[in-house]
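Report on the structure given below.
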Amino acid sequence: MLEIHQIPVLSDNYVYLAHDAASGQTAVVDPATTDEVFAALEEKGWQLTHILNTHHHMDHVGGNEVLKAATGCTIVGPKADKDRIPGIDVALGDGDSYALGGSEAKVFDVPGHTKGHIAFWFEDSDALFCGDTLFALGCGRMFEGTADQMWNSLSKFRDLPGQTQVYCAHEYTQANAAFAVTVEPDNENLVSRAAEIDALRAQGKRTVPSSLAEELATNPFLRPDSPDLQRTLSLEGADLVAVFAETRKRKDNF
Ligand code: ZN
Ligand code: FE
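First residue of the sequence shown? That's 4 in our numbering, and the numbers climb one at a time after it.
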């Protein structure tokens with residue numbers, strides 16, 4: 004079981020420390036920056052042993068080289084983008100496993116936001132580190148992939164247990180909610196969740212992580228089979244990729 008510590012950095016990024024107490028191993032997931040990571044390690048009394056990178060964007064790998072130079076940690080990242088991950092030591096792809104002390108992550112290839120994006124699922128800790136693929140009530144923009152790829156990537160998460168905590172890399176939830184209610188206006192779970200999110204943000208509180216069960220019930224990007232969503236988009240009975248693609252397009256223009 005991992006202990007997970009969330010660190011807000013930059014304007015809206017989340018960096019995570021994942022600590023295995025039995026072995027003393029500690030990973031930082033997607034270190035955008037370093038000062039806050041060093042401070043959190045010191046506060047927790049943890050020694051950094053690993054960096055887990057989901058994808059190559061600077062707000063996910065910006066701290067790699069400084070952290071590695073300071074700690075000698077091992078950098079783990081996507082095989083399909085290994086040339087764009089600074090300092091990478093271990094390159095992983097779909098179906099691979101990676102152990103952090105006694106906890107094992109299953110790795111998924113989840114391209115679409117970038118071509119080589121991976122996610123780490125620590126089943127024993129109910130923890131999914133999904134980078135910029137799935138967000139609370141949203142999904143990443145498709146900078147380097149197609150709707151078909153992105154939907155296939157998100158589909159992999161739909162099969163995980165509902166209690167899985169979605170440790171995504173940005174606090175985008177309120178803006179995502181504002182969009183989501185326009186495409187699924189009759190989803191009562193979504194409408195009430197959107198109100199809760201507004202209340203949390205008004206108090207300056209975090210909305211991440213959420214559970215996968217909540218996302219499956221309310222996140223339109225996981226719900227192309229929703230009749231309400233299909234009706235709003237005038238795509239009743241269309242295939243799921245087409246519904247997903249139209250939802251993403253509308254969000255891009257929202
Ligand atoms: Zn990104
Ligand atoms: Fe990002």
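Virtual Cβ for every residue (Gly too), placed ideally from N, Cα, C.
Inset, instruction - Throw me the rounded Cβ distance for the ALA25 and GLY104 pair, which I believe falls under 8 angstroms. - result: 6 angstroms
Inset, instruction - Could you tell me which uninterrupted alpha helix (DSSP H) segments, each at least 4 residues in length, are contained entirely in the region 148-180, listed from first to last along the chain? - result: 150-161
Legend entry - Proximity to VAL169 [Cα-Cα], best of LEU193, GLY148, ASP129, SER158: ASP129
Inset, instruction - With a threshold of 16 other CB atoms inside 10 Å of the CB of LYS71, please say whether the residue is buried or exposed. - result: buried
Inset, instruction - Please name the residue in ALA183, ILE10, HIS8, SER14 whose C-alpha comes closest to that of LEU232. - result: ALA183
Legend entry - MET153, buried or exposed, once every other Cβ within 10 Å from all chains shown has been counted against 16: buried
Inset, instruction - Locate the beta strand (DSSP E) running through ALA30, then write down its first and last residues. - result: 28-32
Inset, instruction - Assign LYS82 to one of three DSSP states: helix, strand, or coil. - result: helix
Inset, instruction - Return yes when at least one heavy atom of the ligand ZN lies under 7 angstroms from the C-beta of ASP84, else no. - result: no
Legend entry - Cβ-heavy atom distance, GLY65 to the ligand FMN, below 7 angstroms: Among the ligands present in this structure, namely the ligand ZN and the ligand FE, the ligand FMN is not found.
Legend entry - Opposing strand residues paired with ALA130 [DSSP bridges]: PHE125, GLN168
Legend entry - Beta-carbon contacts of GLU147 that lie in its chain and below 8 angstroms, excluding the five residues immediately before and after: PRO114, GLY115, HIS116, THR117, LYS118
Legend entry - Own chain partners of LEU95 with C-beta closer than 8 angstroms, once the 5 adjacent residues on each side are dropped: VAL79, GLY80, PRO81, LYS82, TYR101, VAL110, ILE121
Legend entry - Those residues, in chain order, that have a beta-carbon closer than 5 angstroms to some heavy atom of the ligand ZN: HIS60, ASP135
Inset, instruction - Look up HIS60 in the DSSP assignment and say whether it is helix, strand or coil. - result: coil
Inset, instruction - Provide the residue(s) that pair with ILE10 in DSSP beta bridges, ordered along the chain. - result: VAL18
Inset, instruction - Consider the C-beta atom of ALA172 and the heavy atoms of the ligand FE; say whether any pair is separated by less than 7 angstroms. - result: yes
Inset, instruction - With hydrogens ignored, establish whether the beta-carbon of ASP255 is closer than 7 angstroms to any heavy atom of the ligand FE. - result: no
Inset, instruction - Decide if the region 192-206 is in contact with the region 235-250; the criterion is three or more beta carbon pairs, one per stretch, under 8 angstroms apart. - result: no
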